[in-house]
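Protein chains: 2
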Amino acid sequence: MQFTSEQRLDDDVLERKFTLGDIPGILWTPESASEPVPLILLGHPTLGLSKMYPRLVARALRSAAEGFATATIELPGSGDRPRWDALDRVRADLRRTIQAGEPVSDEIIDAVVLPLVDKAVPEWQAALDALLALPEVGGPVGYSGGVISIGVRLAVVEPRIVAAGLFAGSFVPRVMFEEARRVTIPLHVLLQWDDEGNDRQAALDLFDAFGSKEKTLLANMGGHTGVPQSAGEDAAGFFARHLR
Amino acid sequence: MQFTSEQRLDDDVLERKFTLGDIPGILWTPESASEPVPLILLGHPTLGLSKMYPRLVARALRSAAEGFATATIELPGSGDRPRWDALDRVRADLRRTIQAGEPVSDEIIDAVVLPLVDKAVPEWQAALDALLALPEVGGPVGYSGGVISIGVRLAVVEPRIVAAGLFAGSFVPRVMFEEARRVTIPLHVLLQWDDEGNDRQAALDLFDAFGSKEKTLLANMGGHTGVPQSAGEDAAGFFARHLR
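Those sequence lines, one after another, are chains A and B.
Residue numbering for the first sequence follows this note's numbering, beginning at 1 and increasing consecutively.
Residue numbering for the second sequence follows this note's numbering, beginning at 1 and increasing consecutively.
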């Protein structure tokens, strides 16, 4: 892990860009902390870190105010990382299917999501190794947002993650419902009720499938990108309860 | 409205019992307020005010800390009010049906819930008249919890109520889904996901039916009575946003 740049943000937060091999990432840490702080891994959709930056930094500043470090890495095939032609092709298929108003088959969903999960999850685990080796970052670790199937897989395979805030806003392969049953950590699941690009019933079924004894579903209006400010406050409360 | 007793609780809160005609009620007000405060009407199930008192006073103290008055009245046929034999008989039918594991018909739900709504709602409106006439109580007014159909009807017919926190924990007559479409105030709906005595799909359908542009569904585990502490904090945040 190599730091490539740093800047001081308001609220006493240090933002450092880094690379982990060829994967770019960003780490935000509260500077006033006197001991290692808990860490939240910030997930995001496949739009690239620079496009997502404004929303990510807002979440990072809020978490820093709670005393938490946050970090994120670029997803495979996104942003400045090499294109992933095979995945781009199935994504184009998916877009055409949606635009034509046709039903989205399980095969397309599997082809779009599963290779991404299989490749991204070990990268996030490697990032976790590197981040937890920093003296200023301790634990416990939470995972927040992004492609929900990545969050589910991480919650199953990564024991260092003790709580996850998930965004039910993307297609979910059938096999992930089985993985969901093996999730036992506390979950906070966000659903945009009127998100027309999302399958609401699948999101409710996935929530039902999670094996966690402690799980919360928070549904709001406002469409896919219209998550209200209050939902951010609720998620912050969830992590404050589980990472302190 | 006649005050029948008063006591000072910790947290600088004055608790006053009152009667409104033959209806008993309780009012909690933050004593340090220098001007009229917003009011939350505290709904509750049909178990009687004395049985519900511990949970009600906890909600009242929390609201007082936010600077809000809270008040509640006994439901018809509950607590120290005269028995309501006809309603008791259909409730007994409902209990027998549930204990026998038989499906609960729309007719039984209508018979158990609709007379209660029809009788209770004008009483809550009369209580609102009396409470808002007190110099220490102003507005705006919120409604919180209790029999959800009473909350829905109040949200439709009572323009002084500007926000409602509802608990999707009781049977809902079909006609209430039509009334729900006419609700336009901000809503915060609580659902216990694993509440075996509740019809989860009906609760989700009711949430979907609400006409409000701003509505939030918060689902937690823990069974009918196991609403987690964090849900109380979320509800408090909802009222803080809408009553201040």
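The C-beta atom is built at its ideal place from N, Cα and C for all residues, glycine as well.
Remember, it's a predicted structure, so these values are computed and weren't measured experimentally.
| Check | Outcome |
| --- | --- |
| Starting from the beta carbon of R59(B), find every residue of chain A whose beta carbon is closer than 8 Å, and list them in chain order. | Result: empty, since nearest Cβ-Cβ is about 18 Å, beyond 8 Å. |
| Could you list which residues in chain A have their beta carbon closer than 7 Å to that of A219(B), in chain order? | T216 and L217 |
| Which residues of chain A have a Cβ atom closer than 7 Å to the Cβ of D234(B), listed in chain order? | D234 |
| By how many angstroms is the C-alpha of F238(A) removed from the C-alpha of V57(B)? | 25 Å |
| Would you check whether the ligand ADP has a heavy atom nearer than 7 Å to the C-beta of E214(A)? | Of ligands this structure carries none, so the ligand ADP is not represented either. |
| Please confirm if S63(A) has its CB atom under 8 Å from at least one CB of chain B. | no |
| Starting from K51(A), follow its DSSP beta bridges and name the residues at the other end. | In DSSP, K51(A) forms no bridge with anything. |
| Does the Cβ-Cβ distance between H242(B) and V175(B) come in under 8 Å? | no |
| Tell me whether T184(B) sits in a helix, a strand or coil according to DSSP, three-state version. | coil |
| Going straight from the alpha carbon of F167(B) to that of A219(B), what length do you get? | 10 Å |
| Whole angstroms is fine: what's the gap from R91(B)'s alpha carbon to G138(B)'s? | 37 Å |
| So which of R62(A), P115(A), A64(A) and P103(A) has the shortest CA-CA distance to D88(A)? | P115(A) |
| For W193(B), go through chain A and note every residue whose CB falls closer than 8 Å to its CB, in chain order. | F207, D208, K215 and L217 |
| Could you say if the region 183-192 of chain A and the region 187-200 of chain B meet the contact criterion of at least three C-beta pairs nearer than 8 Å? | no |
| Out of curiosity, what's the CA-to-CA distance linking G244(A) and V141(A)? | It is Arg, not Gly, that sits at residue 244(A) in the sequence shown. Taking the straight line from one Cα to the other gives about 10 Å. |
| Please report how far the alpha carbon of L9(B) lies from the alpha carbon of A60(B), in whole angstroms. | 11 Å |
| Per DSSP, which one or two residues make a beta bridge with W28(B)? | E15(B) and T70(B) |
| Would you check if there are 3 or more beta carbon pairs closer than 8 Å linking the region 34-52 of chain A to the region 61-80 of chain A? | yes |
| What does a CB cutoff of less than 7 Å around S32(A) pick up in its chain, not counting 5 residues either side in sequence? | D12 |
| For P115(A), does the three-state DSSP call read helix, strand or coil? | helix |
| Return the CA-CA distance between P82(B) and G21(B), expressed in angstroms with no decimal places. | 13 Å |
| According to the Cβ coordinates, are A130(A) and M221(A) closer than 8 Å? | no |
| Please report whether the beta-carbon of G237(A) lies at a distance below 8 Å from any beta-carbon of chain B. | yes |
| Name the chain B residues that come within less than 7 Å of R241(A), Cβ to Cβ? | S230 |
| Does DSSP put T216(A) in a helix, in a strand, or in coil? | strand |
| Whose CA, out of R181(A), L206(A), V227(A) and A164(A), lies closest to the CA of Q192(A)? | V227(A) |
| Per DSSP, Q7(A) forms a beta bridge with which residues? | E15(A) |
| Does I153(B) pass the burial test, meaning 16 or more other C-beta atoms within 10 Å, or should it be called exposed? | The question names Ile, but residue 153(B) in the sequence shown is Arg. The residue is buried, with at least 16 neighbouring Cβ atoms inside 10 Å. |
| Going by DSSP in three states, P122(A) sits in which element: helix, strand or coil? | helix |
| With respect to the beta strand (DSSP E) encompassing G222(B), which residues constitute its N-terminal and C-terminal limits? | Premise fails: G222(B) is in no beta strand (DSSP E) and is neither H nor E. |
| Do we get a CB-CB distance below 8 Å when we pair L204(B) with the residues of chain A? | yes |
| What separation, rounded to the nearest whole angstrom, lies between the Cα atoms of G232(B) and L217(B)? | 14 Å |
| Helix, strand or coil for S149(B) per DSSP? | helix |
| Return the first residue and the last residue of the beta strand (DSSP E) that L134(B) is part of. | Premise fails: L134(B) is in no beta strand (DSSP E) and is neither H nor E. |
| Just mark V189(B) as buried or exposed, buried being the case when its beta carbon has 16 or more other beta carbons within 10 Å. | buried |
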